[in-house]
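Novice: My questions will all concern the structure given below.
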Amino acid sequence: AQSVTQLGSHVSVSEGALVLLRCNYSSSVPPYLFWYVQYPNQGLQLLLKYTSAATLVKGINGFEAEFKKSETSFHLTKPSAHMSDAAEYFCAVTRGASKIIFGSGTRLSIRP
Amino acid sequence: EAGVTQFPSHSVIEKGQTVTLRCDPISGHDNLYWYRRVMGKEIKFLLHFVKESKQDESGMPNNRFLAERTGGTYSTLKVQPAELEDSGVYFCASSPGQGRQETQYFGPGTRLLVL
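Just so you know, the protein sequences line up as chains A and B, in that order.
Throughout, the working numbering is defined as the position within the first sequence, counted from one, plus 78.
Throughout, the working numbering is defined as the position within the second sequence, counted from one, plus 175.
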């Protein structure tokens, strides 16, 4: 069955530093993978999704993720963190027809 | 275009009471989903409607939860009677089609606290 594991429930980086949020997946079929973000007091917003068209996926707000089949990973990165990036980030995979399976979430804090 | 809306944004009730959550999907989206996040745990799937029909309700925790989507537009999720462990954030999402690659658009959630 498809699932995802997010490494690190809380990540803290300095403003301007690289953001790296880790996600590993488990899937018996080619996966469709997603990163969602939840800003404080808001709903879930799609950052980007992998649907096998390209291994490097670019999303909104300068984020990107690379699908690595050999490592079963789909890590999220951003070259330079901004204060507005502080949020909770969720890696996810679809199972069955449409069910989304979410990781446990990583809370990103940005230090001034 | 309006996004997915949910009402109420917050609800505080006592154990044993009934609460009804409402979700209005994006206009034209036949697919509607309910998810919930209980006390800092993972966001879990509850069920999936295609128009007014329940496509998948494998995530519904027990028979205290009743979801409806009469007419294939908005949906309600009723919890009766509510228990302490039902506290959490209930998210609704919608999509125009179904399929593993389809993007689901989420609402802001309803924060439910059962005392």
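By construction, the Cβ of each residue, glycine as well, lies at the ideal position given by its N, Cα and C atoms.
Buried or exposed: where does residue 58(A) fall if 16 or more other Cβ atoms within 10 Å of its Cβ makes it buried?
Specialist: Residue coverage of chain A in this structure runs from 79 to 190, which leaves residue 58(A) outside it and unanswerable.
Novice: Could you work out which residues of chain A lie near residue 277(B), taking near to mean beta carbons separated by less than 7 angstroms?
Specialist: Your numbering for residue 277(B) matches position 102 in the second sequence. Chain A residues near residue 277(B): 176.
Novice: What span of residues does the beta strand (DSSP E) with residue 153(A) cover, start to end?
Specialist: Here the question's residue 153(A) lines up with position 75 in the first sequence. Per DSSP, residue 153(A) belongs to the beta strand (DSSP E) from 151-156.
Novice: Is there a Cβ from chain B that is less than 7 angstroms from the Cβ of residue 129(A)?
Specialist: The sequence position of residue 129(A) within the first sequence is 51, counting from 1. It does: the Cβ of residue 129(A) has a partner Cβ on chain B nearer than 7 angstroms.
Novice: Identify each residue in the segment 178-199 of chain B for which the Cβ-Cβ distance to at least one residue of chain A is less than 7 angstroms, and report them in chain order.
Specialist: Within the segment 178-199 of chain B, no residue has a Cβ that lies closer than 7 angstroms to any Cβ of chain A.
Novice: For the segment 114-188 of chain A, which segments carrying the beta strand (DSSP E) assignment without a break, of at least 3 residues, lie completely within its bounds, in sequence order?
Specialist: Fully enclosed beta strand (DSSP E) runs of 3 or longer: 122-128, 134-136, 142-146, 151-156, 165-173, 177-180.
Novice: Comparing C-alpha positions only, which one of 252(B), 289(B), 232(B), 178(B) sits nearest to residue 260(B)?
Specialist: Residue numbering aside, residue 260(B) sits at position 85 when the second sequence is read from its first letter. Of the candidates 252(B), 289(B), 232(B), 178(B), the one whose C-alpha sits nearest the C-alpha of residue 260(B) is 289(B).
Novice: Strictly below 9 angstroms CB to CB, what residues from chain D border residue 117(A)?
Specialist: No chain D is present in this structure, whose protein chains are A and B.
Novice: Which residue marks the beginning of the beta strand (DSSP E) containing residue 205(B), and which one marks its end?
Specialist: The count along the second sequence starts at 1 and reaches residue 205(B) at position 30. Per DSSP, residue 205(B) belongs to no beta strand (DSSP E) and is neither H nor E.
Novice: Return the chain-ordered list of same chain residues with a C-beta closer than 8 angstroms to the C-beta of residue 91(A), the five sequence neighbours on each side being excluded.
Specialist: The residue labelled residue 91(A) in the question sits at position 13 within the first sequence. Same-chain partners within the cutoff: 97, 159, 186, 187, 188, 189.
Novice: Check each candidate in 95(A), 134(A), 117(A), 118(A) and name the one with the smallest Cα separation from residue 111(A).
Specialist: The sequence position of residue 111(A) within the first sequence is 33, counting from 1. Nearest C-alpha to residue 111(A): 134(A).
Novice: Can you tell me whether DSSP reads residue 259(B) as helix, strand or coil?
Specialist: Here residue 259(B) refers to the residue found at position 84 when the second sequence is read from its first residue. Reduced to three states, the DSSP call for residue 259(B) is helix.
Novice: If you compare alpha carbons, which of 151(A), 128(A), 136(A), 139(A) is closest to residue 276(B)?
Specialist: Here residue 276(B) refers to the residue found at position 101 when the second sequence is read from its first residue. Nearest of 151(A), 128(A), 136(A), 139(A) to residue 276(B), Cα basis: 128(A).
Novice: Answer with yes or no whether the minimum CB distance from residue 103(A) to chain B is below 7 angstroms.
Specialist: Along the first sequence, read from residue 1 onward, the residue named residue 103(A) stands at position 25. Not an interface residue.
Novice: Could you list the residues in the segment 210-224 of chain B with a C-beta less than 7 angstroms from some C-beta on chain A, going in chain order?
Specialist: Answer in chain order: 217, 218, 220, 223.
Novice: For the segment 162-189 of chain A, list every residue whose C-beta sits within 9 angstroms of some C-beta in chain B, in sequence order.
Specialist: Taking 9 angstroms as the Cβ-Cβ cut-off against chain B, the residues of the segment 162-189 of chain A that qualify are 168, 170, 171, 172, 173, 174, 175, 176, 177, 178, 179, 180, 181, 182, 183.
Novice: Indicate whether the contact test is met: 3 or more Cβ pairs, each with one atom in the segment 103-118 of chain A and one in the segment 183-190 of chain B, closer than 8 angstroms.
Specialist: Touching, no.
Novice: Apply the 10 Å Cβ neighbour rule to residue 184(A) and answer buried if 16 or more other Cβ atoms are within range, or exposed otherwise.
Specialist: Here residue 184(A) refers to the residue found at position 106 of the first sequence. By the 10 Å Cβ count, residue 184(A) comes out buried.
Novice: Does the separation of the CB atoms of residue 282(B) and residue 181(B) fall below 7 angstroms?
Specialist: Start at 1 with the first residue of the second sequence, and residue 282(B) comes out as number 107. Start at 1 with the first residue of the second sequence, and residue 181(B) comes out as number 6. Yes, these two residues count as a Cβ contact at 7 angstroms.
Novice: Looking at the unbroken beta strand (DSSP E) that takes in residue 198(A), where does it start and where does it end?
Specialist: In the structure as shown, chain A starts at 79 and stops at 190, and residue 198(A) therefore has no counterpart that could be examined.
Novice: I want to verify the contact list: residues of chain A whose CB lies under 9 angstroms from the CB of residue 282(B), in sequence order.
Specialist: To locate residue 282(B), count along the second sequence from 1; it is residue 107. The contacting residues are 121, 122.
Novice: Report the start-end ranges of each beta strand (DSSP E) in the segment 212-257 of chain B that is 3 residues or longer and not cut off at the edges.
Specialist: Taking only runs of at least 3 residues, the beta strand (DSSP E) segments lying wholly in the segment 212-257 of chain B are 218-225, 228-231, 240-243, 250-254.
Novice: What residue range does the beta strand (DSSP E) around residue 187(B) cover?
Specialist: Residue 187(B) sits at position 12 when you count from the first residue of the second sequence. Start and end: 185-188.
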